[in-house]
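Residues 2 to 103, numbered by the working numbering, are exactly what the sequence shown covers, in order. Since the structure comes first, as structure tokens, the remarks are kept for the end.
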Amino acid sequence: MHLQPAGFVTLCAFIEGYESALMDHGTHDHHDTLFLMHFSDFVRTVIGHEDDRVSLTTPEGILDIGQLHWQAAITRTEQDDGEAMTLFFDLLDRFKASHGLR
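Written out as structure tokens, the structure is:
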């Protein structure tokens, strides 16, 4: 796979686009969603953002969206795009090893 420009932002856009395409074409079996949900839980726990929440300010007030997504947790920890990419793959390898995945 070749992503250009190489970096965490591009990788995240690819992953989100891939998941969106699966849903749009009816090939989404929720396995991918569960994987990303469990990965998000793992990332938040490992890097210390397990209690962080995401909110959105609307005309009606502040809306609590929920727990921090893996992408936001990584970028809060590492703002440099290249370092965030390195952290992502480190966390992914650790997650896969902890769940017996290849």
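Where a beta carbon is used, it is the ideal one built from N, C-alpha and C, also for glycine.
Just to check my reading of the structure: residue 37 and residue 71 have Cβ atoms closer than 8 Å, yes? What is that Cβ distance to the nearest angstrom?
Your numbering for residue 37 matches position 36 in the sequence shown. Your numbering for residue 71 matches position 70 in the sequence shown. Between residue 71 and residue 37 the Cβ distance is about 7 Å, and since that is below 8 Å, they are a contact.
Straight-line CA distance for residue 82 to residue 9?
Looking up residue 82 in the sequence shown gives position 81. Looking up residue 9 in the sequence shown gives position 8. Distance between the alpha carbons of residue 82 and residue 9 is about 5 Å.
What do you get for residue 86, buried or exposed, if any count of 16 or more other CB atoms within 10 angstroms of its CB means buried?
Position 85 of the sequence shown, counted from the first residue, corresponds to residue 86. Buried, by the Cβ-count rule.
Residue 5 to residue 23, Cα distance in whole Å?
Taking the sequence shown and counting its residues from 1, the one referred to as residue 5 is at position 4. Taking the sequence shown and counting its residues from 1, the one referred to as residue 23 is at position 22. Their Cα atoms are separated by approximately 22 Å.
Measure the CB-CB distance between residue 93 and residue 75 and report whether it falls below 7 Å.
Within the sequence shown, the letter at position 92 stands for residue 93. Within the sequence shown, the letter at position 74 stands for residue 75. No. Outside cutoff.
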